[in-house]
Structures are given as structure tokens and as C-alpha cells.
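Undergrad: Letter by letter, the sequence shown follows residues 736 to 1012 of my numbering.
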Amino acid sequence: MSDSRPIAVFDSGLGGLSVVRELLQLVPGEDIIYFGDTLRCPYGSRSTEAVREFAQEVATYLLSQDVKLFVAACNTVSATALDAIEACVGGMIPVIGVIEPGVKAGMESSSQKCIGVIGTRATIASRAYTNLFYTYDPLITVYEKACPLFVPFVEENILRGKLLEMLIDEYLDELVDRGVDTIVLGCTHYPLLKESIHSVVGGRVSIIDSAWWTAQEVRQMLHTRALFSPKEQGEHLFYVTDITRNFTAVSRSFLGRDVNVKNIDLHRELRKLNKEI
736 MSDSRPIAVF DSGLGGLSVV RELLQLVPGE DIIYFGDTLR CPYGSRSTEA
786 VREFAQEVAT YLLSQDVKLF VAACNTVSAT ALDAIEACVG GMIPVIGVIE
836 PGVKAGMESS SQKCIGVIGT RATIASRAYT NLFYTYDPLI TVYEKACPLF
886 VPFVEENILR GKLLEMLIDE YLDELVDRGV DTIVLGCTHY PLLKESIHSV
936 VGGRVSIIDS AWWTAQEVRQ MLHTRALFSP KEQGEHLFYV TDITRNFTAV
986 SRSFLGRDVN VKNIDLHREL RKLNKEI
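In C-alpha cells, the structure reads:
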């Protein structure tokens, strides 16, 4: 049994391309629709109510594209709006977030049971990571740190340099001083900063990229639900709500190649859907 419908991958901006990158390696036969809500990025500084509204709008549109699986490749959405997406799709397709895969990987990595989590203000304020870590192990120590300037650096394709290293040191020095042996990248933009983060914290700390672990979860879900595509090579569509100045450079940094991108007027598309109902 197989299913040739596409996988939907959604992020507030371009960070979710880190998940797409891993999916291209892990399940190359799958069609993928990527949706980046770049017009309203970043979500991390938005209210929970706004993020939930945005996520439901995007989920409604992607469901109309006959997708078979929905990946919320955004930690802010996974932390504050995953249930809203699940309600929107009404159980018709499985929904996967990025937080649980990152937590599981962090648990496996940390020998000292002392873990740091970095993310947007919204993700950190939700305490989604800490609460899930404590569900697995009530005795674990978790320190969380909001790093709101990391997303703008990635969106501007500033991935290395002295200024970035100074910012990383400013954000992460406290976590290192507290003795964490593992840092979970709680934002899908952050894997592009992994090399620079390593250069600042050194080999003392393991860096967990939840994108790879999320892709593993997607593959497992495809297997469990018998949803694998019969194709050898999938097709990939990239939709954004605003083609930003640095889209080409940033997408090349994530995927190693240029992509054809289509600009979507989300509200116009939703109005069309409402007329069809």
C-alpha cells in the first residue's frame, strides 16, 4: 500500500527548510509542499492567540492541497498551536511537531541530565520543552534561554562572523556556566548557526538539531500508516507569503541549491476556499 500525496511542511519563515533538507535525504521519493509565512515572520514575538490564528489559516490552506501529513516545522507553532492545527485537520491526517523529537534526542544525549534549550521568546515562555522533559524524567535539570535575535540573523543570511559570535556568547554563556552538557536547538532556524555555536561553546556541549530527529519521526509515521510514496524521486513546491530579499541566499544555505518559489496571497486563497464550500 502506498500514498503519492505530498507532505506539508510549515514554518513561520525559512527555518523549516532545515526539516525539508533532512527529508530530502531520508525520504527522497516523497512530494513536499513547503509553506513559509514570511510576511508575518517571526512568530516568536507574537501573542499565542495570533500564532494559533496564523497556524489554523495555513493548515486550512494546506489541507486544501490534499496533503497526507502535516509537519509543524516551527517550534513556536509546536509549542503554542499544535492542538489548534490538529483541531483544524479534524483527524484526517497526522500532525507532527518538532518539540518531542528534540526532547527525546536531548534525553539520549545528556549524560549529566543537565540540558539547555534555546528558542524564541514564545517557545521559551510556553515552557513546552521543560514540561515535556519533566514528563520523561522528573529529576532532570533544564535551563531555557530565549534568543530572539538569532532568527533575524538567519533570515538575513548572517551565519558567521565576530558579531554573531559575540551574540552567541552573550546568550549561551549563562547556560554553559550552569554546566549543561547538551543544548537543544529549539528553533528550526538555529541549525544554520550550529557551526558558529560550536565555535563558541566548544566540544564541551552537544548540540541537538531537532530537524534531523523530526525527519526520522516523519519516516516512522509514513511506515506506520503505510503512507510511503511509490516514487523514486519526489517533487517539491515552495510557497511563501512574501518573497523576501534574502530568500534565494537563505534557501541555498539550507538546501545547497536554488529553489523555485511561489508567492501566495494566503487570505485571498482562503476566501476562494470559503466560496467553494
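In this text, a Cβ means the ideal position worked out from N, Cα and C, and glycines have one as well.
By the DSSP assignment, the beta strand (DSSP E) with Leu920 in it spans what residues?
TA: Translated into the one-based positions of the sequence shown, residue 920 becomes position 185. 917–920 is the extent of the beta strand (DSSP E) around Leu920.
Undergrad: Would you identify the three-state DSSP class for Asn866, choosing helix, strand or coil?
TA: Reading the sequence shown from its first residue, position 131 is the one you call residue 866. Correct three-state label for Asn866: helix.
Undergrad: Going residue by residue through the segment 799–824, where are the continuous beta strand (DSSP E) segments of at least 3 residues, counting only ones entirely within it?
TA: Listed in chain order, the beta strand (DSSP E) elements of length 3 or more contained wholly in the segment 799–824 are 804–807.
Undergrad: Output the distance between the C-alpha atoms of Gly751 and Lys1010, rounded to the nearest integer angstrom.
TA: Reading the sequence shown from its first residue, position 16 is the one you call residue 751. Reading the sequence shown from its first residue, position 275 is the one you call residue 1010. Computed Cα separation, rounded: 31 Å.
Undergrad: Less than 8 Å between the C-beta atoms of Val985 and Leu759, yes or no?
TA: As a position in the sequence shown, residue 985 is number 250, starting the count at 1. As a position in the sequence shown, residue 759 is number 24, starting the count at 1. Not a contact, by the Cβ cut-off of 8 Å.
Undergrad: Between the Cα of Val953 and those of Asn995, Ser737, Ile999, Val754, spot the shortest distance and give me the residue it belongs to.
TA: The count along the sequence shown starts at 1 and reaches residue 953 at position 218. The residue with the shortest Cα to Cα distance from Val953 is Val754.
Undergrad: Just reading off the beta strand (DSSP E) that Glu1011 is part of, what are its end residues?
TA: By one-based count along the sequence shown, residue 1011 stands at place 276. Careful: Glu1011 lies outside any beta strand (DSSP E), inside the alpha helix (DSSP H) at 1001–1011.
Undergrad: Checking 8 Å against the spacing of the C-beta atoms, do Cys776 and Glu890 come in under that value?
TA: As a first step, residue 776 must be located in the sequence shown, where it is residue number 41. As a first step, residue 890 must be located in the sequence shown, where it is residue number 155. Yes, the pair counts as a contact, with Cβ atoms nearer than the cut-off.
Undergrad: So the alpha helix (DSSP H) Leu752 belongs to, where does it begin and stop?
TA: Your numbering for residue 752 matches position 17 in the sequence shown. Per DSSP, Leu752 belongs to the alpha helix (DSSP H) from 752–761.
Undergrad: Going by CA-CA distance only, name the one from Phe789, Lys1007, Leu1008, Ile978 that's closest to Thr773.
TA: As a position in the sequence shown, residue 773 is number 38, starting the count at 1. Comparing Cα-Cα distances from Thr773 to each of Phe789, Lys1007, Leu1008, Ile978, the minimum goes to Ile978.
Undergrad: In angstroms with no decimal places, state the Cα-to-Cα distance between Gly969 and Asn998.
TA: Numbered from its first residue, the sequence shown carries residue 969 at position 234. Numbered from its first residue, the sequence shown carries residue 998 at position 263. Each residue's alpha carbon lies about 21 Å from the other.
Undergrad: Let me confirm a value: Leu957 is counted as buried when at least 16 other C-beta atoms fall within 10 Å, else exposed. Which label applies?
TA: Counting from 1 along the sequence shown, the entry for residue 957 is found at position 222. With 16 or more Cβ atoms within 10 Å of its Cβ, Leu957 is classed as buried.
Undergrad: Among residues of its own chain, excluding the 5 on either side of Arg756, which ones have a beta-carbon nearer than 6 Å to its beta-carbon?
TA: For the purposes of this step, residue 756 is taken as residue 21 along the sequence shown, with counting starting at 1. So the list reads Phe989, Leu990, once near-sequence residues are dropped.
Undergrad: Along the chain, which unbroken stretches of the beta strand (DSSP E) at least 3 residues long are found entirely within the segment 828–881?
TA: The segment 828–881 contains these whole beta strand (DSSP E) runs: 849–854, 876–881.
Undergrad: Exposed or buried, Pro763, counting other C-beta atoms within 10 Å across all chains shown (16 or more means buried)?
TA: In the sequence shown, counting from the first residue as 1, residue 763 sits at position 28. Exposed.
Undergrad: Count the other CB atoms within 10 Å of the CB of Tyr925; is the residue buried (16 or more) or exposed (fewer)?
TA: If you number the sequence shown from 1, residue 925 lands on position 190. Result: buried.
Undergrad: When DSSP labels each residue in this structure, what does Lys929 get in the three-state scheme?
TA: Numbered from its first residue, the sequence shown carries residue 929 at position 194. DSSP places Lys929 within a helical segment (H, G or I) once states are collapsed to three.
Undergrad: Is the separation between the beta-carbon of Val838 and that of Phe868 shorter than 8 Å?
TA: For this step, residue 838 is matched to residue 103 along the sequence shown. For this step, residue 868 is matched to residue 133 along the sequence shown. Taking 8 Å as the Cβ cut-off, Val838 and Phe868 qualify as a contacting pair.
Undergrad: Using the C-alpha atoms, what's the distance from Ala857 back to Tyr778?
TA: Sequence index remark: in the sequence shown, residue 778 carries index 43 (1-based). Sequence index remark: in the sequence shown, residue 857 carries index 122 (1-based). Tyr778 and Ala857: Cα-Cα distance of roughly 8 Å.
Undergrad: Where Cys709 and Arg740 are concerned, what is the direct C-alpha to C-alpha distance, given to the nearest angstrom?
TA: Residue 709 lies beyond the range of the chain shown here (736 to 1012); nothing can be said about it.
Undergrad: When the Cα atoms are used, what is the spatial distance from Phe963 to Ser737?
TA: Taking the sequence shown and counting its residues from 1, the one referred to as residue 963 is at position 228. Taking the sequence shown and counting its residues from 1, the one referred to as residue 737 is at position 2. Answer to the nearest angstrom: the Cα atoms are 5 Å apart.
Undergrad: With a threshold of 7 Å, establish whether the CB of Gly921 neighbours any heavy atom of the ligand HEM.
TA: Absent from the structure shown: the ligand HEM. Ligands present: none.
Undergrad: If we count Cβ pairs, one from each stretch, closer than 8 Å, do we get three or more for the segment 818–832 versus the segment 931–946?
TA: no
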